[in-house]
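Chemist:
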Amino acid sequence: AQTVTQSQPEMSVQEAETVTLSCTYDTSESDYYLFWYKQPPSRQMILVIRQEAYKQQNATENRFSVNFQKAAKSFSLKISDSQLGDAAMYFCAPAHAGGTSYGKLTFGQGTILTVHP
Amino acid sequence: EAGVTQFPSHSVIEKGQTVTLRCDPISGHDNLYWYRRVMGKEIKFLLHFVKESKQDESGMPNNRFLAERTGGTYSTLKVQPAELEDSGVYFCASSQDWRGGAGGYTFGSGTRLTVV
Numbered sequence: 031a032q033t034v035t036q037s038q039p040e041m042s043v044q045e046a047e048t049v050t051l052s053c054t055y056d057t058s059e060s061d062y063y064l065f066w067y068k069q070p071p072s073r074q075m076i077l078v079i080r081q082e083a084y085k086q087q088n089a090t091e092n093r094f095s096v097n098f099q100k101a102a103k104s105f106s107l108k109i110s111d112s113q114l115g116d117a118a119m120y121f122c123a124p125a126h127a128g129g130t131s132y133g134k135l136t137f138g139q140g141t142i143l144t145v146h147p
Numbered sequence: 217e218a219g220v221t222q223f224p225s226h227s228v229i230e231k232g233q234t235v236t237l238r239c240d241p242i243s244g245h246d247n248l249y250w251y252r253r254v255m256g257k258e259i260k261f262l263l264h265f266v267k268e269s270k271q272d273e274s275g276m277p278n279n280r281f282l283a284e285r286t287g288g289t290y291s292t293l294k295v296q297p298a299e300l301e302d303s304g305v306y307f308c309a310s311s312q313d314w315r316g317g318a319g320g321y322t323f324g325s326g327t328r329l330t331v332v
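Read top to bottom, the protein sequences are chains A and B.
Each number in the numbering used here corresponds to the 1-based position in the first sequence with 30 added.
Each number in the numbering used here corresponds to the 1-based position in the second sequence with 216 added.
#1: Considering only the alpha carbon of each residue, which of A:V145, A:T144, A:H146 and A:Q139 lies closest to B:E258?
#2: Could you pull out every residue in the same chain whose Cβ sits closer than 7 angstroms to the Cβ of A:Y84, ignoring the five residues on either side in sequence?
#3: In angstroms with no decimal places, state the Cα-to-Cα distance between B:D240 and B:V266.
#4: Would you kindly report the start and end of the unbroken beta strand (DSSP E) that includes A:F105?
#5: Decide if the segment 112-126 of chain A is in contact with the segment 224-236 of chain B; the criterion is three or more beta carbon pairs, one per stretch, under 8 angstroms apart.
#6: At a Cβ threshold of 8 angstroms, is A:L135 touching chain B?
#7: Along the chain, where does the beta strand (DSSP E) that runs through B:C308 open and close?
#8: Would you check if the distance between the CB atom of B:G320 and the CB atom of A:F65 is smaller than 8 angstroms?
#9: Does any C-beta atom of chain B lie closer than 8 angstroms to the C-beta of A:G138?
#10: Suppose only complete runs of 3+ residues qualify. What are the beta strand (DSSP E) ranges in the segment 226-258 of chain B, listed by chain order?
#11: Using a Cβ-Cβ distance cut-off of 8 angstroms, determine whether B:Y192 contacts chain A.
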């Protein structure tokens, strides 16, 4: 079974500045995938970034990057040059890569990000 | 391409009634997942379809929940009879690749179910 901890229920950042959202997880699997999703008030979950656990290189996607520490089971999200549209609830979610539960996402509690103009 | 569509977007029913939620995945996506978030809790996995077959239904809370996926296309999730604790937001997600692919899993906007 996988468990996910997002220790920051709420975070805030000034527009154009940088913010880091933390996530730690626990899993007994050696192969898995990690995702960050954002959920704006419209409620639809939107993919932010994806990381394969077997890759050492940290994923980046424009202003979004991760710091993936496999041994520490840590997967933090850094948002650079924050924009008002980044305001949302952010979820960290590892996904099983094998067994009957492949593809199953386990979500953290979420972090509400507020962006101040 | 059209996204994942869920309807209704909201449903308010009385305890003991039956409700059916529907999810239309992206065309060609073999993998379809149901999740739900009850008030104040994490989003939890319910089940996973591969085409029309149930790959993993380990998250279904009890036998009041019945999921189907007709012909490997749309899926329905029926709750019968509904209880107060079933209130929450029910999400559907689909993917072509079980790993989520480069685009990850595409989620619908969810159905907010309120049982009174």
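Glycine is no exception: its CB is placed at the ideal position from the N, C-alpha and C atoms.
Fair warning: this is a prediction, and the values are worked out from it, not measured in the lab.
Modeler: Here's the rundown:
#1: A:Q139
#2: D61
#3: 14 angstroms
#4: Taken as a continuous stretch (DSSP letters only), the beta strand (DSSP E) holding A:F105 covers S104 to I109.
#5: no
#6: Yes, A:L135 counts as interfacial toward chain B.
#7: G304 to S311
#8: yes
#9: Yes, A:G138 lies at the interface with chain B (some Cβ there is under 8 angstroms from its Cβ).
#10: 226-229, 235-240 and 247-253
#11: Only positions 217 to 332 of chain B appear in the structure, and residue 192 of chain B is not among them; the question remains open.
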